[in-house]
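Engineer: Below is a structure I'd like to ask you about.
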Amino acid sequence: MRNYGFEASQLTNQIPVKNGVKYTVNYGSFKENVTIQHLDGITKFTVDDGKVKNEVIINQFGEVTLDGISINALNPQLLKRGWKSVYKGFQPYGSLSSGSYSSFLAQGKQNIYLGKTLDAITAGALSIILSGTNFFVGIGVSIVGVAATIKQIAMSQNPKTTVLGCKYKTYTHGSSDYKYICDYYSNSACSGNYARVIIYEHFVVI
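Quick look at the structure:
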């Protein structure tokens, strides 16, 4: 479950089902039921918050569908050629501080096309989708709470959006440590209110 953004401490119930397990995910202010099943080369998630229910399927090639709609805006993991990512999380690596990452490297925009309106997507389903995007893939901590915050802020501006825009800046400390500042918006123009997420990554030479 951690690979898809969920943390064990958030799972308050566990019920065996055919080919998998059903969990209750406790966000603090609300709960969702998440069923994960392994079926013929795919991983299937069913997420239900009591109002909205989604089915997310990930096949053996990492391709994702949400309620039968292909999510095409997912990207391969950010890897430096000849380097291996050994840490990715929301805290600076080792003894570094947020201010240690002082060298500007790059900036840009990326869009995540959801295939459905945001108000028809659960926080758990959004977490699974985000876990396959550039900045989140390979992260070693839960992102489901972050997904819930992104959804809340984006929905306050446009609950019917079908795209999340991400404006990002990358800073480094030396050659091994990266800091990604990612602002998520409810539109591809990256305007209006945003949810900020800061992710740190550490590489070693391979």
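Quick note on numbering: the sequence shown equals residues 19 to 224 in this note's numbering.
Idealized CB from N, CA, C, for every residue including glycine.
1. Is residue 180 closer than 8 Å to residue 134 when the C-beta atoms are compared?
2. Kindly indicate which three-state DSSP category residue 174 falls into: helix, strand or coil?
3. What residue range is occupied by the uninterrupted alpha helix (DSSP H) comprising residue 145?
4. Would DSSP call residue 207 helix, strand or coil?
5. With DSSP collapsed to three states, give me the class of residue 75.
6. Ordered along the chain, which non-local residues of its own chain (more than five positions away) have a Cβ less than 8 Å from that of residue 120?
7. Under 8 Å, do residue 30 and residue 44 count as touching if we go by C-beta distance?
8. With respect to the beta strand (DSSP E) encompassing residue 135, which residues constitute its N-terminal and C-terminal limits?
9. Identify which residue in 212, 199, 85 and 169 has its Cα closest to the Cα of residue 218.
10. My guess is that residue 117 and residue 157 are in contact by the Cβ rule of under 8 Å, so how many angstroms apart are they, rounded?
11. Among all the DSSP beta bridges, which residues are the ones paired with residue 87?
12. Report, in whole angstroms, the separation of the C-beta atoms of residue 53 and residue 35, which I expect to be a contact under 8 Å.
13. Can you grab the Cα-Cα spacing for the pair residue 169 / residue 209, in whole Å?
14. Could you compute how far the alpha carbon of residue 38 sits from the alpha carbon of residue 155?
Structural biologist: According to the data block:
1. yes
2. helix
3. 141-148
4. coil
5. strand
6. 189 and 191
7. yes
8. First-last for residue 135: undefined, no H or E at that position.
9. 199
10. Wrong, their Cβ atoms sit about 22 Å apart, outside the cutoff.
11. 84
12. 6 Å
13. 15 Å
14. 23 Å
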